[in-house]
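Heads up, the sequence shown is in the working numbering, so the first residue is 15 and it goes up one at a time. Following: one structure in structure tokens, then a few remarks.
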Amino acid sequence: MRKILIATDAWYPQVNGVVRTLTSVARVAVSLGTQIAFITPQEFHTIPLPTYPDIRLALPRPRAIESRIRAERPDFIHVATEGPIGHMVSRYCRRHGLSFTTSFHTRFPDYVSARAPIPQALVWAWLRRFHRRGAGVMAPTPHLASELLERGFHNVMLWPRGVDADLFRPARSGDLALRRPIFLTVGRVALEKNIEAFLSLDLPGTKVVVGDGPARADLERRFPDAIFLGARQGEELAQIYAAADVFVFPSKTDTFGLVLLEALASGVPVAAFPVAAPRDVIGDAAVGVLDWDLRRACLKALTLSRQACRSFALGMTWEASARCFLSHIARFL
Numbered sequence: 015m016r017k018i019l020i021a022t023d024a025w026y027p028q029v030n031g032v033v034r035t036l037t038s039v040a041r042v043a044v045s046l047g048t049q050i051a052f053i054t055p056q057e058f059h060t061i062p063l064p065t066y067p068d069i070r071l072a073l074p075r076p077r078a079i080e081s082r083i084r085a086e087r088p089d090f091i092h093v094a095t096e097g098p099i100g101h102m103v104s105r106y107c108r109r110h111g112l113s114f115t116t117s118f119h120t121r122f123p124d125y126v127s128a129r130a131p132i133p134q135a136l137v138w139a140w141l142r143r144f145h146r147r148g149a150g151v152m153a154p155t156p157h158l159a160s161e162l163l164e165r166g167f168h169n170v171m172l173w174p175r176g177v178d179a180d181l182f183r184p185a186r187s188g189d190l191a192l193r194r195p196i197f198l199t200v201g202r203v204a205l206e207k208n209i210e211a212f213l214s215l216d217l218p219g220t221k222v223v224v225g226d227g228p229a230r231a232d233l234e235r236r237f238p239d240a241i242f243l244g245a246r247q248g249e250e251l252a253q254i255y256a257a258a259d260v261f262v263f264p265s266k267t268d269t270f271g272l273v274l275l276e277a278l279a280s281g282v283p284v285a286a287f288p289v290a291a292p293r294d295v296i297g298d299a300a301v302g303v304l305d306w307d308l309r310r311a312c313l314k315a316l317t318l319s320r321q322a323c324r325s326f327a328l329g330m331t332w333e334a335s336a337r338c339f340l341s342h343i344a345r346f347l
């Protein structure tokens with residue numbers, strides 16, 4: 015069986031799109047004749063990030079990285095993130111003449127500029143240099159792939175995402191026992207997710223936030239009428255999705271948004287701004303409303319067919335995503 019080693023600075027206990035994508039693809043890849051192993055922060059000493067205290071940064075030694083790679087003896091290496099682990103694995107590959115690919119998951123220029131007076135051009139230059147060292151960079155959506163090409167990235171390959179439609183599905187017995195309609199958002203509760211834009215809306219029923227993060231305490235204080243359920247996973251999360259009437263996606267910076275597919279697979283229509291991620295995921299399909307007036311989008315989404323949402327999501331599987339990922343890597347073996 016072929017083995018691929020993925021280097022990632024994002025890993026448990028983080029619960030985000032990067033972690034869910036990598037673990038979902040690894041699970042499916044076994045049935046496609048490929049074993050995927052990981053180098054993760056869990057193996058090394060870590061410190062909390064100053065601006066992300068709930069996220070810890072790995073500090074691996076070069077010799078430890080070298081030992082891990084040699085112990086795994088992979089057929090190919092993929093660098094998933096631009097953190098210390100990603101940089102050290104990239105350096106190892108270059109030093110030993112090994113071809114490797116990378117992937118672009120997070121719009122760091124947007125996140126950095128929201129917190130510090132650092133020009134986005136400098137961050138983009140750093141990212142461009144990092145990814146151009148690999149044989150190719152995988153992007154989750156056509157809009158992002160086009161943007162990366164325009165910004166000087168080389169050999170950009172499309173790597174779409176999927177959803178576990180067996181876990182996330184409608185017609186569950188659970189009920190949140192809240193006043194309807196229920197408007198739900200799921201994700202990391204942080205500045206870049208723009209959750210305040212959702213919570214500020216004048217909407218009927220109840221607003222529900224699932225997730226945790228550095229902005230949670232402040233948002234709970236400022237919006238006491240909203241329900242904050244904290245981080246939820248698995249079956250418990252799936253039941254919350256299915257109990258909602260509309261899924262609200264206020265982020266303007268996400269590169270994809272797996273939560274969009276999870277909501278749609280649960281039969282829940284989407285309300286979002288008409289920005290790249292929801293445009294790429296939803297397009298013109300009658301499963302969501304994209305409008306710069308987010309309140310109007312939320313109210314219109316209440317009229318959409320839940321069955322149409324479910325049917326739409328069934329076309330996006332993790333098997334298709336894994337096949338695409340492995341086909342890109344096969345080009346360099």
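The beta carbon of each residue, even a glycine, is placed where N, CA and C say it ideally should be.
Please report the Cβ distance between G111 and A21, rounded to the nearest whole angstrom; I am assuming they are in contact, meaning their Cβ atoms lie under 8 Å. Counted from its first residue, the sequence shown places residue 111 at position 97. Counted from its first residue, the sequence shown places residue 21 at position 7. That pair is no contact at about 17 Å.
So, is P154 buried or exposed, given that buried needs 16 or more other C-beta atoms within 10 angstroms? Along the sequence shown, read from residue 1 onward, the residue named residue 154 stands at position 140. With 16 or more other Cβ atoms within 10 Å, it is buried.
May I ask you to report which of helix, strand or coil DSSP gives H342? Counting from 1 along the sequence shown, the entry for residue 342 is found at position 328. Helix at H342.
What residue from P218, G219, A211 and A252 has the CA that sits closest to L233's CA? On the sequence shown, residue 233 is found 219 positions in, with the first residue counted as 1. Of P218, G219, A211 and A252, the residue nearest in Cα terms is A211.
Would you say V260 and L316 are within 7 Å of each other, going by their C-beta atoms? The residue labelled residue 260 in the question sits at position 246 within the sequence shown. The residue labelled residue 316 in the question sits at position 302 within the sequence shown. Against a cut-off of 7 Å, the Cβ pair of L316 and V260 comes out as a contact.
Looking at A327 and S278, is the spacing between their C-beta atoms short of 7 Å? As a working note, residue 278 is residue 264 in the sequence shown. As a working note, residue 327 is residue 313 in the sequence shown. Sequence check: residue 278 is Leu here, not Ser. Yes, Cβ-Cβ distance for L278 and A327 is below 7 Å.
Can you tell me which of the three DSSP states S117 falls into? As a working note, residue 117 is residue 103 in the sequence shown. Correct three-state label for S117: strand.
Report the rounded CA-to-CA distance for A336 versus R235, giving the unit in angstroms. Stepping through the sequence shown from its first residue, residue 336 is reached at position 322. Stepping through the sequence shown from its first residue, residue 235 is reached at position 221. Each residue's Cα considered, the two are about 42 Å apart.
On the three-pair Cβ rule with 8 Å, is the region 295-309 touching the region 158-172? no
When G219, D226, L192 and P238 are compared against A204, the one with the closest alpha-carbon: Here the question's residue 204 lines up with position 190 in the sequence shown. A204 has its Cα closest to that of D226, out of G219, D226, L192 and P238.
Quick check: the Cα distance between T269 and W25, rounded to an integer number of angstroms? Residue mapping note: residue 269 aligns to position 255 of the sequence shown, counting from 1. Residue mapping note: residue 25 aligns to position 11 of the sequence shown, counting from 1. Rounded to the nearest angstrom, the two C-alpha atoms are 18 Å apart.
Please report the residue range of the alpha helix (DSSP H) in which Q134 lies. Translated into positions along the sequence shown, residue 134 becomes position 120. Taken as a continuous stretch (DSSP letters only), the alpha helix (DSSP H) holding Q134 covers Q134 to R146.
When burial is assigned at 16 or more other CB atoms within 10 Å of the CB, is G201 buried or exposed? Translated into positions along the sequence shown, residue 201 becomes position 187. With 16 or more other Cβ atoms within 10 Å, it is buried.
Comparing the CB of A153 with every heavy atom of the ligand FAD, is any distance shorter than 6 Å? The model on display carries no ligand, and the ligand FAD is accordingly not part of it.
For C338 and L275, I'd like the C-alpha separation in whole angstroms. Position 324 of the sequence shown, counting from 1, holds the residue named residue 338. Position 261 of the sequence shown, counting from 1, holds the residue named residue 275. Each residue's alpha carbon lies about 18 Å from the other.
Looking only at its own chain, which residues have a Cβ that is under 6 Å from the Cβ of R41, when we skip the five neighbours before and after it? Position 27 of the sequence shown, counted from the start, is the residue given in the question as residue 41. Result list for R41: empty, nothing under 6 Å.
Are the beta-carbon atoms belonging to F58 and P76 less than 7 Å from one another? As a working mapping, residue 58 is identified with position 44 in the sequence shown. As a working mapping, residue 76 is identified with position 62 in the sequence shown. Going by C-beta atoms, F58 is not nearer than 7 Å to P76.
At which residues does the alpha helix (DSSP H) containing P156 begin and terminate? Translated into positions along the sequence shown, residue 156 becomes position 142. Element bounds for P156: P156 to E164.
Can you give me the C-alpha to C-alpha distance between F287 and F237, rounded to a whole angstrom? Within the sequence shown, numbered from 1, the residue matching residue 287 stands at position 273. Within the sequence shown, numbered from 1, the residue matching residue 237 stands at position 223. Cα-Cα distance, rounded: 21 Å.
Through-space distance from G219 to A139, alpha-carbon basis: For this step, residue 139 is matched to residue 125 along the sequence shown. For this step, residue 219 is matched to residue 205 along the sequence shown. Those two C-alpha atoms are separated by around 45 Å.
Within a Cβ cutoff of 6 Å, which residues of the same chain sit near F144, ignoring the five residues on either side of it in sequence? Counted from its first residue, the sequence shown places residue 144 at position 130. E96.
A179 versus Q28, P55 and Q253, residue with shortest Cα-Cα distance: For this step, residue 179 is matched to residue 165 along the sequence shown. Answer by Cα proximity: Q253.
Whole angstroms are fine: how far does the CA of I132 sit from the CA of L198? The residue labelled residue 198 in the question sits at position 184 within the sequence shown. The residue labelled residue 132 in the question sits at position 118 within the sequence shown. Roughly 33 Å between the two C-alpha positions.
What's the call for A344, buried or exposed, on a 16-neighbour Cβ count within 10 Å? As a working mapping, residue 344 is identified with position 330 in the sequence shown. Exposed: under 16 other Cβ atoms inside 10 Å.
Q49: which of R16, V29 and P62 sits nearest, CA to CA? The sequence position of residue 49 within the sequence shown is 35, counting from 1. Comparing Cα positions, the closest option is R16.
DSSP state of K314, grouped into three classes? In the sequence shown, counting from the first residue as 1, residue 314 sits at position 300. Helix.
Let me make sure I understand the geometry here. Which of Q247, R175, G47 and I196 has the alpha-carbon closest to that of L217? Taking the first residue of the sequence shown as 1, we reach residue 217 at position 203. Per the Cα distances, I196.
Where A253 sits in the DSSP three-state scheme: Position 239 of the sequence shown, counted from the first residue, corresponds to residue 253. The sequence given here places Gln at residue 253; Ala does not occur at that position. Q253: helix per DSSP, three-state reduction.
Under 8 Å by Cβ, that's how I've got R374 and H157 pegged, so tell me the actual separation to the nearest angstrom. It is not possible to answer for residue 374, since the shown part of the chain is limited to 15 through 347.
Length of the line joining the Cα atoms of A258 and A135: Working through the sequence shown from its first residue, we reach residue 258 at position 244. Working through the sequence shown from its first residue, we reach residue 135 at position 121. Their Cα atoms are separated by approximately 40 Å.
D171 versus L313 - alpha carbon distance: Here residue 171 is taken as the residue at index 157 of the sequence shown, counted from 1. Here residue 313 is taken as the residue at index 299 of the sequence shown, counted from 1. As written in the sequence, residue 171 is Met, which differs from the Asp given in the question. Each residue's Cα considered, the two are about 37 Å apart.
Taking C-beta to C-beta, are P98 and L19 nearer than 7 Å? Reading the sequence shown from its first residue, position 84 is the one you call residue 98. Reading the sequence shown from its first residue, position 5 is the one you call residue 19. Result no, Cβ atoms of P98 and L19 do not sit closer than 7 Å.
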